[in-house]
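Chemist: Chains as they are written, first to last, in my numbering: chain A, 1195 to 1339; chain B, 1195 to 1339; chain C, 1195 to 1339; chain D, 1195 to 1339.
Number of protein chains: 4
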Amino acid sequence: MSDAALPSIEQVQALIGRAPFHQWLGLEVVRFSADEIEVKAKWREEWIVNPERRYTHGGVLAALVDLVADWALTARCGCAVPTIDMRVDYHRAAMPGDLVTKGKVVKFGSQFSVCEAQVFDHEGQLVASGRGTYFTGAMAPRSPA
Amino acid sequence: MSDAALPSIEQVQALIGRAPFHQWLGLEVVRFSADEIEVKAKWREEWIVNPERRYTHGGVLAALVDLVADWALTARCGCAVPTIDMRVDYHRAAMPGDLVTKGKVVKFGSQFSVCEAQVFDHEGQLVASGRGTYFTGAMAPRSPA
Amino acid sequence: MSDAALPSIEQVQALIGRAPFHQWLGLEVVRFSADEIEVKAKWREEWIVNPERRYTHGGVLAALVDLVADWALTARCGCAVPTIDMRVDYHRAAMPGDLVTKGKVVKFGSQFSVCEAQVFDHEGQLVASGRGTYFTGAMAPRSPA
Amino acid sequence: MSDAALPSIEQVQALIGRAPFHQWLGLEVVRFSADEIEVKAKWREEWIVNPERRYTHGGVLAALVDLVADWALTARCGCAVPTIDMRVDYHRAAMPGDLVTKGKVVKFGSQFSVCEAQVFDHEGQLVASGRGTYFTGAMAPRSPA
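1. Can you give me the Cβ contacts of D/A1274 inside the same chain, cut-off strictly under 6 Å, excluding the 5 residues immediately before and after it?
2. CB-CB under 7 Å to C/Q1319, same chain, minus the five flanking residues each way: which ones, in chain order?
3. Since B/G1252 and A/D1260 are thought to touch, with beta carbons under 8 Å apart, how far apart are those beta carbons, to the nearest angstrom?
4. Along the segment 1274–1290 of chain C, what residues have a CB closer than 8 Å to any CB found in chain A?
5. Leaving out the 5 sequence neighbours to the left and right, which residues in its chain are closer than 8 Å to B/R1248 when beta-carbon positions are compared?
6. What does the alpha-carbon distance come out to for the pair A/F1329 and B/N1244?
7. Using the Cα positions of B/V1299 and C/F1226, report the straight-line distance between them to the nearest angstrom.
8. Mind pulling the alpha helix (DSSP H) runs of 4 or more residues that sit fully within the segment 1228–1314 of chain A?
9. Within a Cβ cutoff of 7 Å, which residues of the same chain sit near A/V1321, ignoring the five residues on either side of it in sequence?
10. Going by DSSP in three states, C/L1221 sits in which element: helix, strand or coil?
11. Could you work out which residue in D/A1199, D/D1283, D/L1221, D/V1308 is closest to D/Q1207 when comparing CA atoms only?
12. Comparing the C-beta of A/V1308 with each C-beta of chain D, is any distance below 9 Å?
13. So, is the C-beta of A/T1327 closer than 9 Å to a C-beta in chain D?
14. Which one or two residues does DSSP pair with B/S1323 in a beta bridge?
15. C/E1240 and D/Q1217 - do their beta-carbons sit closer together than 9 Å?
16. Do C/E1232 and C/V1294 count as a contact pair if the criterion is CB distance below 9 Å?
17. Applying a beta-carbon distance threshold of less than 7 Å, which residues of chain B neighbour C/S1340?
18. Expressed to the nearest angstrom, what Euclidean distance is found between the alpha-carbon atoms of D/Q1205 and D/R1212?
19. Could you give the first and the last residue of the continuous alpha helix (DSSP H) run that contains B/A1199?
20. Measuring CB to CB, does C/E1310 end up less than 9 Å from C/G1326?
21. Taking C-beta pairs closer than 9 Å, name the residues in chain B that D/G1331 reaches, listed in chain order.
22. Is the beta carbon of A/A1257 sitting closer than 9 Å to the one on A/D1292?
23. Using a beta-carbon distance cut-off of less than 7 Å, what residues from the segment 1205–1225 of chain C approach chain D?
24. With a CB to CB cut of under 6 Å and the five nearest residues on each side skipped, what residues in its chain are close to C/T1250?
25. Can you tell me the Cα-Cα spacing of B/L1219 and A/R1238, whole angstroms?
26. Check the Cβ-Cβ distances between A/S1323 and every residue of chain D, and say whether any is below 9 Å.
27. Measure the alpha-carbon distance for A/A1228 versus A/Q1305 and round it to whole angstroms.
28. Closest Cβ-Cβ distance between B/I1231 and chain A: below 9 Å?
29. Who are the near neighbours of A/F1223 in its chain, counting only those whose CB is closer than 6 Å to its CB and skipping five residues on each side?
30. Give me the Cα-Cα distance between B/G1324 and C/F1215, rounded to the nearest whole angstrom.
31. Suppose you measure from the CA of D/V1308 to the CA of C/T1268; what does that come to, to the nearest Å?
32. To the nearest angstrom, how far is it from the Cα of C/D1279 to the Cα of A/A1199?
33. Please determine whether the Cβ atom of C/F1215 lies at a distance below 8 Å from any heavy atom of the ligand HEM.
34. Which bits of chain C does B/L1320 rub up against, with CB to CB less than 7 Å?
35. Among the residues of its own chain, which have a CB less than 7 Å from the CB of C/T1277, if the five just before and after it don't count?
36. Grab the span of the alpha helix (DSSP H) containing C/E1204 for me, first residue to last.
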């Protein structure tokens, strides 16, 4: 895929920002290329699971893995596509602070595609990582790869 | 485990309700036993991923699978325990409406335990299901099973 | 689906037995219905991972989860279909002896389907369980369910 | 970890070769470092699932993902450790021929560790990839990392 075909960060941000859940997560597209994407999420009090230790709920991390892995397909599919399944490994507690999630395509296929994502805390430590399988069978892929 | 040892629904509700993220999800414990739990989540506008079709973001369903599977361990562990990893299968779009999630223990172990959960929409249709592996090694289990 | 439409155990056995890998696993269909299947695998020395403790390699259990979950689709699809992804939880060491694996359909879909399987040792103890997602999109399903 | 502490390829080969199942898979250690390992498996007729199309059974690929991800921990743990759970994505049919699997440590932890693996066919194409969670809690790790 030539870079010319890539949507701009502003266009991807506009697409992602349409979802109310993404607005709630305060998502901001930091970087974007043909097979990768980096998205920042803005910490909020409602993410907390343990009121004393104040770390972020694993469900928030799972949502970030799912959606950022999905949006790594944007350059190929033009938008996010349905998740078939996803899984996440938790590596350490995510203390209060914004999170940066990096997603990339592992294997693009004509029926389904596999992408992975890593979630980092504001100190750059890996807090969670995972993968999703996405349904790309209904797409007219922009890049037949 | 004798039923006498079980915390009451009110006690479990109080424990679950301590987490700000659980409050945001509007969680209400519906049913509770030694190995199973059923939790209702109150739909909110911020769950939406697609503003036209208005279905719920998969990240919300993933969070419900993770946490309800975890809380199925409450009778044995007295509280939720750390998730090691989790995965979820998406079965159909979850249209606007409250969600009911049923969790149960698949295998309780002295180091880690496996639990599963199913998410149903307000019409009773299965929208997602999945599993988590939980770290029960730091627990003094109430029931050594 | 009416039982009349179901292939016989002998027919399913003949289909499964065509694969050299299934022959190596010594698979025998024990029970079969519209949404479930039960398959016995005949223990062999080559399954061992630890020559002192002599328990079965997790890779053998993973193979059983994958294939028996898949063959739970036989009544609907007429044969096994491609696995998109699968995962397995290990619950206890599988000591030498035949293994019985039970598979069932969790959700049949027009594009992909989710099935689960449980592996039991010769004493009936659960040694592993898991799930696979299978591609049913290329099938002309026998039962549109 | 200093390279001096690393076992030699011959030592790792000797450890892996003790398992009858590994002998059956014809495993040969190709490369080995503190956090990564590369293992070749020798194709055999019994791997076949489809006697006409002759591709390799997904269960064999799953076994390779599980065990090679596990053996990526060898430098840290001195041997393979128990798999808690694993999952694999299938990317394309693996036609007859030896397979090369590369494993690496994603996150080493004092209780459990996550490793990943990729399986390539004899033309270097990615046929499957996946991850496992391994129990490193009983180890006296050689490198406290």
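Beta carbons: idealized from backbone N, C-alpha and C, even for Gly.
Modeler: Checking against the coordinates, here is how it stands:
1. Counted from its first residue, the fourth sequence places residue 1274 of chain D at position 80. Taken in chain order, the residues that qualify are D1264, W1265.
2. Locating residue 1319 of chain C in the third sequence gives position 125, counting from the first residue. Excluding five sequence positions before and after C/Q1319, the CB atoms of its chain that fall closer than 7 Å to its own CB belong to R1286, given in chain order.
3. As a working note, residue 1252 of chain B is residue 58 in the second sequence. As a working note, residue 1260 of chain A is residue 66 in the first sequence. With 8 Å as the limit, B/G1252 and A/D1260 qualify as a contact, their Cβ atoms being about 5 Å apart.
4. Within the segment 1274–1290 of chain C, the qualifying residues are I1278, D1279, R1281.
5. Residue 1248 of chain B sits at position 54 when you count from the first residue of the second sequence. Excluding residues up to 5 positions away in sequence, I1242, M1289, P1290 lie with their Cβ nearer than 8 Å to the Cβ of B/R1248 in the same chain.
6. Counting from one through the first sequence, the residue named residue 1329 of chain A turns up at place 135. Counting from one through the second sequence, the residue named residue 1244 of chain B turns up at place 50. Looking at the two C-alpha atoms, the distance is approximately 16 Å.
7. Residue numbering aside, residue 1299 of chain B sits at position 105 when the second sequence is read from its first letter. Residue numbering aside, residue 1226 of chain C sits at position 32 when the third sequence is read from its first letter. Near 27 Å, if we compare the C-alpha coordinates of C/F1226 and B/V1299.
8. Fully enclosed alpha helix (DSSP H) runs of 4 or longer: 1252–1265, 1268–1271.
9. Counting from 1 along the first sequence, the entry for residue 1321 of chain A is found at position 127. Within its own chain, the residues whose Cβ lies closer than 7 Å to the Cβ of A/V1321, once the five positions on either side in sequence are excluded, are L1255, H1285, R1286, A1288, V1313, F1314, D1315, listed in chain order.
10. Locating residue 1221 of chain C in the third sequence gives position 27, where the first residue counts as 1. In the three-state DSSP reduction, C/L1221 falls in the coil class, being neither helix nor strand.
11. Indexing the fourth sequence from 1 puts residue 1207 of chain D at position 13. Looking at D/A1199, D/D1283, D/L1221, D/V1308, the one whose alpha-carbon comes closest to that of D/Q1207 is D/L1221.
12. Taking the first sequence and counting its residues from 1, the one referred to as residue 1308 of chain A is at position 114. So yes, A/V1308 belongs to the interface.
13. As a position in the first sequence, residue 1327 of chain A is number 133, starting the count at 1. Chain D, which has a Cβ nearer than 9 Å to the Cβ of A/T1327, makes this yes.
14. By one-based count along the second sequence, residue 1323 of chain B stands at place 129. BP columns for B/S1323 point to B/D1283, B/Q1312.
15. In the fourth sequence, the residue the question calls residue 1217 of chain D occupies position 23. In the third sequence, the residue the question calls residue 1240 of chain C occupies position 46. Yes, the pair counts as a contact, with Cβ atoms nearer than the cut-off.
16. Along the third sequence, read from residue 1 onward, the residue named residue 1294 of chain C stands at position 100. Along the third sequence, read from residue 1 onward, the residue named residue 1232 of chain C stands at position 38. Between C/V1294 and C/E1232, the C-beta spacing is below 9 Å.
17. With chain C represented from 1195 up to 1339, any question about residue 1340 of chain C goes unanswered, as that position is not in the structure.
18. For the purposes of this step, residue 1205 of chain D is taken as residue 11 along the fourth sequence, with counting starting at 1. For the purposes of this step, residue 1212 of chain D is taken as residue 18 along the fourth sequence, with counting starting at 1. Computed Cα separation, rounded: 11 Å.
19. Against the second sequence, residue 1199 of chain B aligns to sequence position 5. Run containing B/A1199: none; DSSP gives neither H nor E here.
20. Position 116 of the third sequence, counted from the start, is the residue given in the question as residue 1310 of chain C. Position 132 of the third sequence, counted from the start, is the residue given in the question as residue 1326 of chain C. It is a contact, given that the beta carbons lie within the stated cut-off.
21. One-based indexing of the fourth sequence puts residue 1331 of chain D at position 137. At a C-beta separation below 9 Å, D/G1331 has these neighbours in chain B: Q1305, G1331.
22. Counting from one through the first sequence, the residue named residue 1257 of chain A turns up at place 63. Counting from one through the first sequence, the residue named residue 1292 of chain A turns up at place 98. Cβ distance not < 9 Å, so A/A1257 and A/D1292 don't count as in contact.
23. Those would be R1212, A1213, P1214, F1215, W1218, in chain order.
24. Against the third sequence, residue 1250 of chain C aligns to sequence position 56. The beta carbon of C/T1250 lies closer than 6 Å to those of W1241, A1288 in the same chain, with the five residues before and after it left out.
25. Indexing the second sequence from 1 puts residue 1219 of chain B at position 25. Indexing the first sequence from 1 puts residue 1238 of chain A at position 44. C-alpha separation (whole angstroms): 14 Å.
26. Numbered from 1 along the first sequence, position 129 holds the residue referred to as residue 1323 of chain A. Yes, A/S1323 counts as interfacial toward chain D.
27. If you number the first sequence from 1, residue 1228 of chain A lands on position 34. If you number the first sequence from 1, residue 1305 of chain A lands on position 111. Approximately 19 Å, taken between the alpha carbons.
28. Counting from one through the second sequence, the residue named residue 1231 of chain B turns up at place 37. Against chain A, the CB of B/I1231 has no partner CB under 9 Å away; the residue lies outside that interface.
29. In the first sequence, residue 1223 of chain A corresponds to position 29, counting from 1. Just to set this straight, residue 1223 of chain A is Val in the shown sequence, not Phe. These residues qualify, in order along the chain: I1203, V1206, Q1207, V1233.
30. Taking the first residue of the second sequence as 1, we reach residue 1324 of chain B at position 130. Taking the first residue of the third sequence as 1, we reach residue 1215 of chain C at position 21. Straight-line Cα distance between these residues: approximately 29 Å.
31. The sequence position of residue 1308 of chain D within the fourth sequence is 114, counting from 1. The sequence position of residue 1268 of chain C within the third sequence is 74, counting from 1. The alpha-carbon separation between D/V1308 and C/T1268 amounts to approximately 34 Å.
32. Looking up residue 1279 of chain C in the third sequence gives position 85. Looking up residue 1199 of chain A in the first sequence gives position 5. Their Cα atoms are separated by approximately 31 Å.
33. Absent from the structure shown: the ligand HEM. Ligands present: none.
34. Taking the first residue of the second sequence as 1, we reach residue 1320 of chain B at position 126. Those are K1301, listed as they occur along chain C.
35. Looking up residue 1277 of chain C in the third sequence gives position 83. Taking C-beta separations shorter than 7 Å and ignoring five residues to either side along the sequence, the partners of C/T1277 in its chain run D1260, D1264, G1326, Y1328, following chain order.
36. Within the third sequence, residue 1204 of chain C is the residue found at index 10, counting from 1. Run containing C/E1204: 1203–1210, per the alpha helix (DSSP H) assignment.
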